[in-house]
Amino acid sequence: MDQSYTCDVTHRFRRLRENDNLRNMVRENHLSINDLITPIFVVEGQNIKSSTEAMPEVYRYSLDRLHEELDELLQLGLHQVLLFGIPEQKDSVGSGAYDENGIVQKAIRYVKSYSPKFYVITDVCLCQYTDHGHCGILTDSGCVDNDPTLALLSKIAVSHVKSGADMVAPSDMMDGRIGAMRQSLDREGFTYIPIMSYAIKYHSSYYGPFRAIADSSPKQGSRSSYQMDFHNSKDVIDVAKASIDQGADLIMVKPAMMYLDILHELNGSINKPLVVYNVSGEYALLYQGIKSGFVNESIVYETMIGFKRAGAKLIITYFSKLIAEKWL
Ligand SMILES: [Zn+2]
-5 MDQSYTCDVT
5 HRFRRLREND
15 NLRNMVRENH
25 LSINDLITPI
35 FVVEGQNIKS
45 STEAMPEVYR
55 YSLDRLHEEL
65 DELLQLGLHQ
75 VLLFGIPEQK
85 DSVGSGAYDE
95 NGIVQKAIRY
105 VKSYSPKFYV
115 ITDVCLCQYT
125 DHGHCGILTD
135 SGCVDNDPTL
145 ALLSKIAVSH
155 VKSGADMVAP
165 SDMMDGRIGA
175 MRQSLDREGF
185 TYIPIMSYAI
195 KYHSSYYGPF
205 RAIADSSPKQ
215 GSRSSYQMDF
225 HNSKDVIDVA
235 KASIDQGADL
245 IMVKPAMMYL
255 DILHELNGSI
265 NKPLVVYNVS
275 GEYALLYQGI
285 KSGFVNESIV
295 YETMIGFKRA
305 GAKLIITYFS
315 KLIAEKWL
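Just so we're aligned, residue -5 is where the sequence shown starts under my numbering, counting upward by one.
What follows is the structure in structure tokens.
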């Protein structure tokens, strides 16, 4: 075989990698500060900044200390936040979730007045607010009652938007919730408010640490009747399209790291921006790996690029501050 020809063939893969500038110029995927959404946990009470063992460096703030987090985010240029509330009182219908003076409603008003730079997305669900810890209200036999739950979820979404939320993100997984919410928002004149649907939310053990920090574990039973079964992937396009038909503007895949096949498939099939939630269990695993010294922290950046490569437009991650500090 002609030696020079062999050499040319070999180097055609290397030519674009030999030079640092060129390597950067031809990269298909980059991470930007605008790709990142930072979850924030707000809790009733005073002088609270507390974390949990499984999620070090992620804190629950009372409103009087929330400025500490907001200042840090502003300094780093991180303006997109996803708010979760932890109420003082819970009841069977999660009434704290739609209270005008509920913890999230107060937090939205606080964040928006703190700096207009913040784009506030709110988690819409009942599980942090119900005494049974399920994402909907229960029938007498203890099953989640889908249809009556829709009215409550819509009520929560409207109350968030009235407090100043820029986008709502229903995470409950009830059938028909996006349509019900869209109708309620439109009826109140909030036709411009987008809905980010937790459309593809798998029933997952990766949510464990979140339940501790948000105090949202189901007291009995599990969420397997309304979250998706991780053995399956064939129905994800239909499920996402159903959400879009009802009015979803963005589609979320959750968890992220083990679900890149799902993300990739959706990326080729639907025309809405895709969002991944790099969830608490993923955070805990990576965090502990880095702390123990077994892996380098650049593993976080590589993970984010993996999400981008698979089709994520936006990434919800507890690592946003580290990423902004180190790589952006
Ligand atoms: Zn929930």
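Every residue, glycine too, gets a C-beta built ideally from N, C-alpha and C.
Computed from a predicted structure; not experimentally measured.
query: Across which residues does DSSP place SER56 in a beta bridge pair?
result: VAL37, per the DSSP bridge assignment.
message: Counting C-beta neighbours from all protein chains within 10 Å, is the total for MET328 16 or more, i.e. buried, or is it exposed?
response: In the structure as shown, the chain starts at -5 and stops at 322, and residue 328 therefore has no counterpart that could be examined.
field: Cβ distance (whole Å) where LEU146 is taken to contact ILE131 below 8 Å
entry: The beta carbons of LEU146 and ILE131 sit about 7 Å from each other, so the pair counts as a contact at 8 Å.
query: If you count every other CB in all the chains shown that lies within 10 Å of the CB of THR143, and 16 or more means buried, which is it?
result: THR143 comes out buried.
query: What is the DSSP secondary structure of SER330, reduced to helix, strand or coil?
result: An answer regarding residue 330 cannot be provided, because it is not within the stretch -5 to 322 covered by the chain.
- request: Under 6 Å from any heavy atom of ligand 1, by CB: list those residues in chain order, please.
  value: CYS119, CYS121, CYS129, SER165, ASP166
task: Please report the Cβ distance between ILE97 and ILE80, rounded to the nearest whole angstrom; I am assuming they are in contact, meaning their Cβ atoms lie under 8 Å.
output: Contact flag correct, Cβ pair sits at about 7 Å.
field: Burial state of CYS137 (16 or more Cβ within 10 Å)
entry: With fewer than 16 other Cβ atoms within 10 Å, it is exposed.
task: Can you say whether LYS213 is buried or exposed, counting buried as having 16 or more other CB atoms within 10 angstroms of its CB?
output: exposed
- prompt: What separation, rounded to the nearest whole angstrom, lies between the Cα atoms of SER274 and ALA318?
  reply: 19 Å
task: Have a look at GLU51 and THR32 and give me their C-alpha separation to the nearest angstrom.
output: 13 Å
- request: If I'm right that ARG205 touches SER211 with Cβ under 8 Å, what's the distance once you round it to whole angstroms?
  value: 4 Å
field: Coil, strand or helix - PRO188 by DSSP
entry: coil
- prompt: Touching or not, the segment 237 to 246 and the segment 181 to 200, by the rule of three or more beta carbon pairs under 8 Å?
  reply: Yes: at least three Cβ pairs fall under 8 Å.
message: Is the separation between the beta-carbon of TYR220 and that of LYS149 shorter than 7 Å?
response: no
message: So for ILE310, helix, strand or coil by DSSP?
response: strand
- request: State the beta-bridge partners of LEU147 as determined by DSSP.
  value: According to DSSP, which records beta bridges pairwise, LEU147 is partnered with nothing at all.
field: Outcome for MET252 when other beta-carbon atoms lying within 10 angstroms are tallied against a minimum of 16
entry: Looking at its Cβ environment, which holds fewer than 16 other Cβ atoms inside 10 Å, MET252 is exposed.
- prompt: Which runs of the beta strand (DSSP E) fall wholly inside the segment 102 to 173 and span at least 3 residues, in chain order?
  reply: 113 to 118, 161 to 164
- request: Leaving aside the five residues before and after LEU268 along the sequence, list all residues of the same chain whose C-beta is less than 7 Å from its C-beta, in chain order.
  value: ILE245, VAL247, LEU257, LEU260, ASN261, GLY305, ALA306, LYS307
Euclidean distance between Cα positions of HIS225 and MET168: 20 Å
message: For LYS100, tell me which candidate among LYS156, SER135, TYR53 has the shortest Cα-Cα distance.
response: Per the Cα distances, LYS156.
- prompt: What is the DSSP secondary structure of LYS248, counted as helix, strand or coil?
  reply: Assignment of LYS248 by DSSP, reduced to helix, strand and coil, places it in the strand class.
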